[in-house]
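Right, one structure below, let's go through it.
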Amino acid sequence: SMEEISAFLGSVDNDVAFLSQMPPIQGIIRARDNDGTDPIDDSSYEEWVARLQQIFSGLIQEKDFQEIQYIDQDGNELVVAETDSRSADDDDDDDDDDDDGENDLDSTEADDDDDLEEEEEGEEEAEEKEITVLSAEQLQNRADSPEFIETMKLEPGELYVSPIDLKRRDGEIKEPYQPVIRYATPVVDEDGEKRGIVVITVFANSILDELNEEAGQFEGEEATLTNAEGYYLAHTNAERRWGFEFDKDV
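Structure below.
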């Protein structure tokens, strides 16, 4: 529902603020400032990177995030984890399982075992989300990206939220299309100096799908969503969506 979507998007604010203060980020900063070794616990830069990669991957596995990035103050990606898999379908399956469980509250132990097996299968499906951690060779400079430029202007604790657009990699729009929203906040070191940003990229499909579904519920009416320039993000006619991404005047 739109209420659930709104609650999820609201929680991303807390997630990006939480990530920006994670110990591995400060460890990475200290290691980079001290020839690759953190003077506090002798962890190497690579060890801190691996810890942050694990945290990013765990969050993507758990939530409907497309990508999480830690980008330094020069715009260089240092840690990036991403997926093409959405968790929305898995959530729908889990909801169906929950409904079945509610109808069988007074069932036999055998039914309970079946429910347990269904839950375990649901967990196994969720674990199958394929997550890619980018290698050093795949990392890019994002200094020209709007999220980097705008977020570096912010004070610690402030939040940047992007317009909805289509996910790109290497300058090309990914196919199938992935509508996304980016949430970002500055990272500061122990002296309060800005040392980059953390970005969470969230799948926006659920928002647009909800609107496209509602569009057919009212006779003679259409539910649409446009961006600030008036281009359609959600419309019953798929040809009219994403005109600004393809220089189409629709």
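Residue numbers for the sequence shown follow my numbering, beginning at 326 and rising by one. Cβ coordinates follow ideal geometry from the N, Cα and C atoms, glycine included.
Same chain, Cβ closer than 7 Å to residue i, neighbours up to 5 away in sequence not counted
i      : result
Asp416 : Below a pLDDT of 50, predicted positions are generally treated as unreliable, and Asp416, at 44, falls in that range; no measurement from the model is reported.
Asp399 : Ala468
Thr476 : Tyr485, Ala509, Thr510, Pro511, Ile522
Pro364 : Arg355
Ile577 : Within the shown structure, residues of the chain are numbered from 326 to 575, placing residue 577 beyond reach of any answer.
Gly555 : Here Gly555 scores only 46 on pLDDT, less than 50, and its place in the model is too uncertain to base an answer on.
Cutoff 8 Å; reference residue i; Cβ partners in own chain excluding five residues on either side
i      : result
Gln379 : none
Val341 : Leu484, Tyr508, Ala509, Thr510, Val523, Val524, Ile525
Span separating the alpha-carbon of residue i from that of residue j
i      : j      : result
Ile396 : Gly521 : 5 Å
Ile456 : Ile393 : 11 Å
Gly517 : Ile506 : 27 Å
Ser487 : Ser336 : 16 Å
Asn530 : Gln503 : 7 Å
Leu459 : Glu402 : 10 Å
Gln465 : Val374 : 16 Å
Phe390 : Val527 : 5 Å
Ala559 : Asp338 : Here the model assigns Ala559 a pLDDT of 45, short of 50, so the residue's position is not dependable, and the following value carries that caveat. Near 24 Å, if we compare the C-alpha coordinates of Asp338 and Ala559.
Gln346 : Gln463 : 25 Å
Val513 : Lys519 : 4 Å
Glu372 : Phe343 : 20 Å
Ser470 : Arg493 : 11 Å
Gly568 : Glu497 : Its pLDDT being 42, under 50, Gly568 is placed unreliably by the model, and the measurement read from it follows with that caveat. Their Cα atoms are separated by approximately 16 Å.
Phe473 : Gly352 : 21 Å
Asp490 : Glu387 : 23 Å
Pro348 : Asp358 : 15 Å
Glu515 : Asp367 : 17 Å
Residue i: first and last residue of the uninterrupted alpha helix (DSSP H) it sits in
i      : result
Gly383 : 370-387
Ala468 : No alpha helix (DSSP H) contains Ala468, which DSSP labels as neither H nor E.
Gly352 : 348-358
Option in the options with minimal Cα separation from residue i
i      : options                        : result
Val404 : Glu387, Ser410, Gln503, Arg376 : Arg376
Ala406 : Asp389, Phe381, Gln386         : Phe381
Ile385 : Leu491, Asp367, Thr408         : Thr408
CB contact check: residue i to chain D, cutoff 7 Å
i      : result
Leu484 : Looking for chain D here will not work: only one protein chain is present.
The beta strand (DSSP E) enclosing residue i, as first and last residue numbers
i      : result
Glu407 : 402-408
Tyr508 : 504-513
Thr457 : 456-458
Gly361 : Counting along the chain, Gly361 falls outside any beta strand (DSSP E), and DSSP gives it neither H nor E.
Ile393 : 390-396
Lys519 : 519-528
Residue j beta carbon less than 7 Å from that of residue i
i      : j      : result
Lys454 : Ser410 : yes
Gly361 : Tyr370 : yes
Sequence-distant residues of its chain with Cβ nearer than 6 Å to residue i (five each side left out)
i      : result
Pro481 : Pro511, Val513
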